[in-house]
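Have a look at the structure below before the remarks.
There are 2 protein chains.
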Amino acid sequence: MKLQTLDLKQITINDAFWSKHVDLVRNEIIPYQWDAMNDRIPGAEPSHCLENFKIAAGRKTGEFYGAVFQDTDIAKWLEAVGFTLAAYDIPELEQTADEVVELIGEAQEADGYLDTYFIIKEPDKRWQNLCEGHELYTAGHMIEAAVAYYQGTGKRRFLDIVLKLADLICDTFGSKPGQLKGYPGHQEIEIGLIKLYHITGEKKYLDQAKFFIDMRGVGENWFLKEMKRPGHHMIFPEFADYDTKYSQSHLPVRQQKTAEGHAVRAVYMYCAMADLAYEYQDNGLMQACETLWRNIVTRRMYLTGSIGSSGLLERFTTDYDLPNDCNYSESCASIGLALFGLRMANITRDASYIDVVERALYNTVLAGIALDGKSFFYVNPLEVWPDNCIPRTSKEHVKPVRQKWFGVACCPPNIARTLASLGQYIYAQDDHSLYINLYVSGEAKARIGGKEIQVSMETRYPWINSCKVTLRNVPAEGMTLAMRIPEYAENYQVEINGRACGYRAEKGYAYVNISNDCTVGIRFEAPARFIRANPKVRADCGRVAIVRGPLVYCLEQIDNGENLSAVYVKADSVISEEESELFGGSVLLRFDGYRMDEDRWDDHELYASHKMTLHKAPLKAVPYAYWNNRGIGEMSVWIKELPAGGADAES
Amino acid sequence: MKLQTLDLKQITINDAFWSKHVDLVRNEIIPYQWDAMNDRIPGAEPSHCLENFKIAAGRKTGEFYGAVFQDTDIAKWLEAVGFTLAAYDIPELEQTADEVVELIGEAQEADGYLDTYFIIKEPDKRWQNLCEGHELYTAGHMIEAAVAYYQGTGKRRFLDIVLKLADLICDTFGSKPGQLKGYPGHQEIEIGLIKLYHITGEKKYLDQAKFFIDMRGVGENWFLKEMKRPGHHMIFPEFADYDTKYSQSHLPVRQQKTAEGHAVRAVYMYCAMADLAYEYQDNGLMQACETLWRNIVTRRMYLTGSIGSSGLLERFTTDYDLPNDCNYSESCASIGLALFGLRMANITRDASYIDVVERALYNTVLAGIALDGKSFFYVNPLEVWPDNCIPRTSKEHVKPVRQKWFGVACCPPNIARTLASLGQYIYAQDDHSLYINLYVSGEAKARIGGKEIQVSMETRYPWINSCKVTLRNVPAEGMTLAMRIPEYAENYQVEINGRACGYRAEKGYAYVNISNDCTVGIRFEAPARFIRANPKVRADCGRVAIVRGPLVYCLEQIDNGENLSAVYVKADSVISEEESELFGGSVLLRFDGYRMDEDRWDDHELYASHKMTLHKAPLKAVPYAYWNNRGIGEMSVWIKELPAGGADAES
């Protein structure tokens, strides 16, 4: 039996670190995104998302505007609303959302079809361009949203809409005569169908998800076949020379050994593969998941838990190719990686997956949103020199400041729904055990051993590496509490009611037997430390980064001056921690470094033989999650290392 | 009076360094490119270039195939043939070329129009898409070719063809009512028209070139205006969001202070600006040339004399933005830079321009072609990791091996015409002086002081830094010999007939008074040395490169093992020179370096705290010009520097 996440209704978060982000969802992001989708944000790219639905519903006339998958904005927004309403009672928001659901229902066609791009713009082209049309991707997000909304509000209207859509998809795609043997260009429908199975118990939805996964990359490539069809019209001309790896359709999924192509598509597919591997007890599929995961985390992932090294096509490239200043590292891809890792952890009870999930959430996902919740990063570089991030060059995708909103707005609502559903990453359970994956203060309820136990977690993590978990209403026959031991934890200790206690350590969890209501405390050390990349990572060779617990740190120009490439550090340098009020309370890091003397260089000299000398320079690092919250400037995660003994500093 | 280049007919090259490259032009490249243009190279992208002319001439039926500027392939080939026939008598080649000229003549329309793309494909769209149509660019290359062919063979047929074309252009574009006020999307026609003026003495061609330069960037942008026209059809959809900087049409040329946009377009335009500045004694234009040159060479040029930092759009980016592994650095752009520098040197008699010309020719231009003359680089990175130069990623433009031919084949024929016209870079003259810009063995004749003096140069440069120039038939009133003193020359000495003699040094030239036939010897030291980039160049910060005279050196995997990012050097390391038979005779460089120990790292570890230690490793560098002549592998020009005292090597 795999672990289950807890119902979000049963979780509240009251955490010094997370609440300021999570609260943004209902206080800032949901209202802001509502305005954005209604085109009411001055200076932001127009969304037209709701307008498209009004046109499709016949309430208005006009043209479709936006990306083919513009509908997913509203879907992700509704999903975030659903998650939020699970925890908070906000009647006006619920009313607004209900109205949107009605609008969606009106836009839906009689046979269940729902996609405003095709309804308005190409009604006779349904399902004919799966490669680029994103109908199944959009449907997947609609289904996920409806499931969240149903779970959050108990209301069935949205669920009924997507069930009709899902039924149409089940009728349309399949191996029976007359059915399409295709699969989505952008995976996501699989996750939605699997959720629909879980909520309805209808096996056909699970089978349909399996069909899409099983068909992928088998036989003649569906997308190449589509492109050969007479009259086929490319939506994105840049895909003319289509690389089937881009959509992970180059091989049957069970034969895929390396993470390839568009990073978001890849991890969304791996999520579905993991779910299906468990549901069908499909060892081959599980093995593929493990192989792909391992390829990502040992070869193709940034220290910040981000993925997708190529700015062009937002995709995976090759092993150890992890450039810091021109990578894509999409916020959505880290979200997908977290979703994949969570599934793998729940199936395997191996906390090493959560180590990666945590890295993604605490670094890339948080960096994706400003502290005020009003601007967002799509692309998450590990090194930025703002002057050369200019349009119409190789670095045009790298933005040195968060953007208000995007024409193709996948990341902001994706971050919102992730923060709104953070609870699923914190706890897991089975019939007799509660698992603590992330240390986040708050309350939860879980049904274990037939009783509803009450959980209360108290921590100042990640600033202080200890946590107290109080359990009440523990069943008479006892239960197990599994606390995650992060890979970076040193001298991990567990106590019950203040007294050291024994535990069984297995795959990154400390298993503690609980027989009565009690408080379980854990503590460990995770001092700030320098870390290096495998020397095969050319971009990081000769450099160090700084991590402290789950947080990756970076240097910013505002603290360390211009030209961070001219900065060195000796890796035996002592890092001192400083509690700060910055970023709503944080720990900053200070240490001695060196800076290249630049004053030998005249302004007109580009190349010369001037000696390179260094002078001492105090350095200050801040959490990567919070970079670019104090204006524009250079940023770098990786710092040049001065090999031991190598600082003949002249100062 | 500006300096004049010598007639190529008067120059022969017999040089240990250059002849093996120059001879490739007539022995390999011209026949090979002839086959390529006739689509007879197995495995190479089709050219269809001659086929297009046959269709336009009505000799065949069929469709146009290739880029809009496919005609320039044949133009550059004919230009190289013209240069070659100036020095060598090759009757079969001349006959083939004559036939091609006839074909071109047949393809030309009655009114002089000549562009097979528009003739075949869009006959009613002439001059309507100057932004992308490349008609004026193509015409410029045709004119340059015809001038070279006329000068090389004395035959007027091709010249007459292009005069008719030039007359049509003069009638079509201008400030009179009914004339188009546009200018070329890709500059080149200006250079052609100026050459036509020089050969015919017809001032209208010069004025026409001035018109194009003067109109550029003035008032409403011509290209944006074109795009607004109803029914306008984009040839390159990627330019939809057109950046006028891309084509240097963002400002009137005299107001441009920084080198912007597509690098080849930029330097071709600067060439024309320099010519016009001289012809019209236009100080404002000359100042603009100096400002733009200075911006390039002090801010935006690679050590190898290449330009264009962005892989996307092959363009200049921002000051000091010089990434080594994803740059464009097109071979053609270095050729254009050399052409620009040569013009500036001839006008100003300032040899510092030639320092840059030499850097471009000896490094990027030579690297652009394999030693066997059969394959070519478009893109010239300074650092290559072949594994990650894969299609459909940010690095897809970077090829780790030279390519046989290209669909868009600008570079191979451009390199050919440059090698075939190398003589123009070697010598310059005025009425009483001969200038030696490059040290290249061979013979030349020049009319000075009313007499035809005979020049014989003997050198083993750049391997040995000395040169003897023998002058015969020196006029009775004497003459001046100006020998360039390269910026890297140390202890420069001049002697006449073996005896030290005085000279006047001015702007990089040693001026020697010559009264009789004699042999002038020069010698200097230019030992291999480490060089650094201005620390503002983030990509090179903390690294050194090695230069020896005009040559930039690089490390290759074949000599130094895999992962050149893990290699360090101490810049006080002694570099020893080794004469080698490699690359047809060369000097290789050996020195002690260090290599990161990689054996601490397990295969599954991507990030860890393993200490970084180094062990000694002997390193070997080869001329950058010759990289990738021994198979595929990593290459790097810039090597990590171990600050003095910084090698606590464990070995």
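As they're listed, the protein sequences go chains G and P. Numbering-wise, the first sequence is residues 135 to 785 according to my numbering. Numbering-wise, the second sequence is residues 135 to 785 according to my numbering. From the three backbone atoms N, C-alpha and C, an ideal C-beta is built for every residue, glycine too.
Straight-line gap, residue i to residue j (C-alpha atoms, nearest Å)
i              : j              : result
residue 635(P) : residue 566(P) : 20 Å
residue 164(G) : residue 200(G) : 20 Å
residue 531(P) : residue 514(P) : 10 Å
residue 236(G) : residue 458(G) : 45 Å
residue 746(P) : residue 731(G) : 24 Å
residue 337(G) : residue 439(G) : 34 Å
residue 212(P) : residue 392(P) : 34 Å
residue 784(P) : residue 698(G) : Model confidence at residue 784(P) stands at a pLDDT of 40, short of 50, so the residue's coordinates are unreliable and nothing is read from them.
residue 766(P) : residue 752(P) : 21 Å
residue 719(P) : residue 685(P) : 14 Å
residue 760(G) : residue 574(G) : 19 Å
residue 303(G) : residue 190(G) : 19 Å
residue 221(P) : residue 588(P) : 16 Å
residue 330(P) : residue 299(P) : 11 Å
residue 308(G) : residue 315(G) : 6 Å
Spatially closest choice to residue i from the options, by CA coordinates
i              : options                        : result
residue 263(P) : 163(P), 402(P), 359(P), 596(P) : 359(P)
residue 377(P) : 319(P), 332(P), 499(P)         : 319(P)
residue 648(P) : 705(P), 606(P), 484(P)         : 606(P)
residue 240(P) : 196(P), 188(P), 229(P)         : 188(P)
residue 743(P) : 743(G), 706(G), 720(G)         : 706(G)
residue 643(G) : 487(G), 739(G), 204(G)         : 487(G)
residue 381(P) : 393(P), 399(P), 392(P)         : 399(P)
residue 715(G) : 756(G), 344(G), 703(G), 684(G) : 756(G)
residue 764(G) : 612(G), 176(G), 506(G)         : 506(G)
residue 704(P) : 690(G), 668(G), 777(G)         : 777(G)
residue 227(G) : 168(G), 419(G), 139(G)         : 168(G)
Element boundaries [beta strand (DSSP E), containing residue i]
i              : result
residue 332(P) : Element bounds for residue 332(P): not the beta strand (DSSP E) but the alpha helix (DSSP H), 323-334.
residue 578(P) : 576-582
residue 665(G) : 663-667
residue 730(P) : 720-730
residue 653(G) : 652-659
residue 155(P) : Premise fails: residue 155(P) lies in the alpha helix (DSSP H), 153-158, not in any beta strand (DSSP E).
residue 147(G) : 145-147
residue 688(G) : 685-690
residue 313(G) : Neither: residue 313(G) is in no beta strand (DSSP E) and is coded neither H nor E.
Range covered by the alpha helix (DSSP H) that runs through residue i
i              : result
residue 473(G) : 465-482
residue 303(P) : 291-306
residue 166(P) : 164-171
residue 680(P) : Where residue 680(P) is concerned, there is no enclosing alpha helix (DSSP H), although the beta strand (DSSP E) it sits in stretches over 677-682.
residue 137(P) : Per DSSP, residue 137(P) belongs to no alpha helix (DSSP H) and is neither H nor E.
Relative to chain P, which residues along the stretch 362-387 of chain G have a C-beta separation below 7 Å, given in chain order?
371, 377, 380
Only counting runs of 4 or more residues, tell me where the alpha helix (DSSP H) segments fall wholly within the stretch 533-617 of chain P, in order along the chain.
545-554, 557-560
Chain-ordered residues of the stretch 440-452 of chain G with a beta carbon less than 7 Å from chain P
444, 445, 446, 447, 449, 451, 452
Residues in the stretch 728-746 of chain P having any Cβ partner in chain G nearer than 8 Å:
730, 732, 735, 737, 738, 739, 740, 741, 742, 743, 744, 745, 746
Could you list the residues in the stretch 651-669 of chain P with a C-beta less than 8 Å from some C-beta on chain G, going in chain order?
663, 664, 665, 666, 667, 668, 669
May I have a chain-ordered list of the alpha helix (DSSP H) segments no shorter than 4 residues that lie completely inside the stretch 231-276 of chain P?
250-254, 264-267
At what residue ranges does the stretch 176-231 of chain P contain a whole run of the beta strand (DSSP E), taking only runs of 3 or more?
none
What residues in the stretch 502-524 of chain P bring their beta carbon closer than 8 Å to a beta carbon of chain G?
The stretch 502-524 of chain P vs chain G, Cβ under 8 Å: 519, 521, 522, 524.
Could you run through the stretch 404-432 of chain P and flag, in chain order, every residue whose CB is less than 8 Å away from some CB of chain G?
428, 431, 432
Give me the subset of the stretch 756-776 of chain P whose CB atoms are less than 8 Å from a CB atom of chain G, sorted by chain position.
774, 775, 776
Name the residues in the stretch 464-481 of chain P whose C-beta lies less than 8 Å from a C-beta of chain G; which are they?
none
Taking beta-carbon pairs under 8 Å, can you tell me which members of the stretch 525-559 of chain P lie near chain G?
Cβ contacts with chain G come from 525, 526, 527, 528, 529, 530.
Going along the stretch 282-302 of chain P in order, which residues come within less than 7 Å of chain G, judged by CB to CB distance?
none
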